[in-house]
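K.L.:
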Ligand SMILES: [Zn+2]
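Residue numbers (this note's numbering): 13 to 291.
(1) So residue 208 is in the alpha helix (DSSP H); what residue range does that whole segment cover?
(2) Could you tell me whether the Cβ atoms of residue 127 and residue 212 are closer together than 8 Å?
(3) Taking the C-alpha atoms as reference points, what is the distance between residue 183 and residue 96?
(4) Would you call residue 216 buried or exposed, if buried means 16 or more other Cβ atoms sit within 10 Å of its Cβ?
(5) Could you pull the DSSP bridge partners for residue 66 from this structure?
(6) Buried or exposed, going by whether 16 or more other CB atoms sit within 10 Å of the CB of residue 191?
(7) Smallest Cα separation from residue 70: which of 80, 87 and 43?
(8) Give the C-beta separation of residue 62 and residue 14 to the nearest angstrom, bearing in mind that I take them to be a contact with Cβ-Cβ under 8 Å.
(9) Name the DSSP bridge partner or partners of residue 287?
(10) Which of helix, strand or coil does DSSP assign to residue 114?
(11) If you count every other CB in all the chains shown that lies within 10 Å of the CB of residue 258, and 16 or more means buried, which is it?
(12) Any contact of the segment 96 to 116 with the segment 69 to 88, i.e. 3+ C-beta pairs under 8 Å?
(13) Are residue 167 and residue 197 touching if we call contact CB-CB under 8 Å?
(14) Please classify residue 150: is it buried, with 16 or more other beta-carbons within 10 angstroms of its beta-carbon, or exposed?
(15) Hey, could you find the ends of the alpha helix (DSSP H) residue 16 is sitting in?
(16) Taking 7 Å as the cut-off, is the C-beta of residue 65 nearer than that to any heavy atom in ligand 1?
(17) Going by alpha carbons, who is nearest to residue 91 out of 289, 47, 281 and 30?
(18) Cβ-heavy atom distance between residue 137 and ligand 1 below 7 Å?
(19) Comparing the CB of residue 273 with every heavy atom of ligand 1, is any distance shorter than 7 Å?
(20) Taking the continuous beta strand (DSSP E) assigned at residue 244, which residues delimit it?
(21) According to DSSP, which residues form a beta bridge with residue 147?
(22) Starting from the Cα of residue 242, find the closest Cα among 269, 254, 232 and 187 and give me that residue.
(23) Rounding to the nearest angstrom, what Cα-Cα distance links residue 49 and residue 109 in this structure?
(24) Under 8 Å by Cβ, that's how I've got residue 214 and residue 82 pegged, so tell me the actual separation to the nearest angstrom.
(25) Buried or exposed: residue 247, going by 16 or more other Cβ atoms within 10 Å of its Cβ?
(26) Can you give the Cα-Cα distance for residue 24 and residue 131, rounded to whole angstroms?
(27) Compute the Euclidean distance between the alpha carbons of residue 28 and residue 201, then round it to the nearest angstrom.
Laid out in structure tokens, this is it:
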């Protein structure tokens, strides 16, 4: 969209509404197309734990050529895979994994949940059982998911301490220059005994985390970190160290422990970071 038109629509206060409707229309078209294209794979294989559809193939997602070298070089576990999107509802592998882990490990009923940068399917699931607050630094983008989404900077959360039993921030911290400040904020607003699920892309072949917190150069960020708005790639052990420094007792769930969720077409090398605050 033309930048001056965008600025005009923003000033008029209708940009996010229009853009949201446009994105919903695109999603509707995408779902329609994939339901047709994947009809022949229906019936057995992977099951979507959001819509219960079953297909032998889900929709793949691979990095574009210009970011593929960063992803490949550091063997980043970022979600790219042969089976990523459910052809019936377009839920993503990382949403299905978090839903599976929550259903397996975390009691939601009557709980207070903070869902940061909320994914639509996951938000709807959480909301069926818990009281959910959603938030993002750019809330307008999420209005089609939750009309009550709050404006919040993860490094300076406007929530009282010990407010939430569960925090879900799925692939957020790699975007944030002051990530350790954000980790401390998530810890602060978590109730003792609560858990934050803080997923990030990570590498196990890097010697340490590579990052440029001050960078503001999308082309270079794609080249270095594999995405235009990422400021780092975490090395797994360094990520765990940062979480510990913020106060968390992190319980990583490794691929072996997550193998039982393969039936939901989840990334097989993913690690889930259950970050507990001691009671
Ligand atoms: Zn689905």
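Built from N, CA and C at the ideal position, the CB exists for glycine as well. All of these numbers come straight from a predicted model, not from anything done at the bench.
P.N.:
Let me spell this out:
(1) Residue 208 -> not in any alpha helix (DSSP H); beta strand (DSSP E) instead, spanning 202 to 211.
(2) The answer is no: Cβ separation not under 8 Å.
(3) Between residue 183 and residue 96, the C-alpha separation is close to 15 Å.
(4) Classification for residue 216: exposed.
(5) The bridge partners DSSP lists for residue 66 are 59.
(6) With 16 or more other Cβ atoms from the protein chains shown falling within 10 Å of its own Cβ, residue 191 counts as buried.
(7) When only C-alpha atoms are compared, the closest one is 43.
(8) At roughly 36 Å, the Cβ-Cβ gap does not stay under 8 Å, so residue 62 and residue 14 are not in contact.
(9) DSSP lists 208 and 262 as partners of residue 287.
(10) The answer is helix: DSSP assigns residue 114 an H, G or I state.
(11) By the neighbour-count definition (other C-beta atoms within 10 Å, threshold 16), residue 258 is a buried residue.
(12) Contact between the segment 96 to 116 and the segment 69 to 88 is present, because at least three Cβ pairs lie under 8 Å.
(13) In contact: residue 167 and residue 197 (Cβ atoms closer than 8 Å).
(14) Residue burial is scored here from C-beta neighbours: residue 150 has fewer than 16 other C-beta atoms within 10 angstroms and is therefore classed as exposed.
(15) Per DSSP, residue 16 belongs to the alpha helix (DSSP H) from 15 to 23.
(16) Yes, since a heavy atom of ligand 1 falls inside the 7 Å radius drawn around the Cβ of residue 65.
(17) With distances taken between Cα atoms, residue 91 lies closest to 281.
(18) Because no heavy atom of ligand 1 lies under 7 Å away, the Cβ of residue 137 does not count as near it: no.
(19) The answer is no for residue 273.
(20) It spans 244 to 247 - the beta strand (DSSP E) in which residue 244 sits, taken as one unbroken run.
(21) The partner list for residue 147 (beta bridge, DSSP) reads 128 and 162.
(22) The candidate whose alpha carbon is nearest that of residue 242 is 187.
(23) Answer to the nearest angstrom: the Cα atoms are 24 Å apart.
(24) Their Cβ separation, rounded to whole angstroms, is 13 Å, which puts residue 214 and residue 82 out of contact at 8 Å.
(25) Around the CB of residue 247, 16 or more other CB atoms lie within 10 Å, so the residue is classed as buried.
(26) Cα-Cα distance, rounded: 27 Å.
(27) Between residue 28 and residue 201, the alpha-carbon positions lie close to 28 Å from each other.
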